[in-house]
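Worksheet: one structure, shown below.
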Amino acid sequence: MTYQFEIMTQEQAEDISYNWHYDGEYSFYDMEADEEDLQEFVDPELRGDSTFAVLENRELVGFFNVTKVDDRTYDIGLGMRPDLTNKGKGLEFIKAGLAFINKKYNPSKITLSVATFNQRAINVYRKLGFKDVHTFMQDTNGSTFEFLKMEYERVNNL
297 MTYQFEIMTQ EQAEDISYNW HYDGEYSFYD MEADEEDLQE FVDPELRGDS
347 TFAVLENREL VGFFNVTKVD DRTYDIGLGM RPDLTNKGKG LEFIKAGLAF
397 INKKYNPSKI TLSVATFNQR AINVYRKLGF KDVHTFMQDT NGSTFEFLKM
447 EYERVNNL
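Start counting the sequence shown at 297; every next residue gets the next number (our numbering).
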């Protein structure tokens, strides 16, 4: 698979925000599930130029958000189109995202946070070399949920 990364357009942000709906417990990741997250994603000023649409054959298949933490560390948030999840595509999708981030930003460390119930994502992150850092509680989606902070020390061969 060949993925292309480009700064997200308003049309893409709205498509993801209002049309991407995940099944079961994964509906937690629907943009509409949290009003603050939704506003940050659909407002072009808040979204800025650090959210990237991921395309495959010119078709929107996911996104990566990249936030600079310090000179050498970047935090990411990501999502894959719901109909593509749980089909064995996550490893290549995230690997492509890490390669893009390594090339564009040259970080020494990449961090992310994932809901602890999302074991399928956690397993993929671990396969790619992310290490568990700590768990924490966060208010989101109208309740409080446990998250796992993970970090990835850059590997030059991605």
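Here a beta-carbon is modelled for each residue, glycine too, at the ideal position from N, C-alpha and C. Bear in mind that the values here come from a model prediction, so they are computed numbers and not experimental data.
Buried/exposed call for residue i, threshold 16 Cβ in 10 Å
i: Asn453; result: Its pLDDT being 47, under 50, Asn453 is placed unreliably by the model, and the measurement read from it follows with that caveat. Exposed, by the Cβ-count rule.
i: Met304; result: buried
i: Tyr448; result: buried
i: Leu342; result: exposed
i: Gly386; result: buried
i: Pro403; result: buried
i: Asp326; result: buried
i: Thr440; result: exposed
Residues bridged to residue i (per DSSP)
i: Gln300; result: Leu351
i: Gly373; result: Asn361
i: Asp366; result: Thr369
N-terminal and C-terminal residue of the beta strand (DSSP E) that residue i is part of
i: Thr440; result: 439–449
Continuous alpha helix (DSSP H) assignments of at least 4 residues falling wholly in the stretch 311–364: 331–338, 340–343
Beta strand (DSSP E) runs wholly inside the stretch 385–436, at least 3 long, in chain order: The stretch 385–436 contains these whole beta strand (DSSP E) runs: 405–411, 427–436.
Meets three-Cβ-pair contact criterion under 8 Å: the stretch 391–408 and the stretch 304–315: Fewer than three beta-carbon pairs drawn from the stretch 391–408 and the stretch 304–315 are found closer than 8 Å, and the two stretches are therefore not classed as touching.
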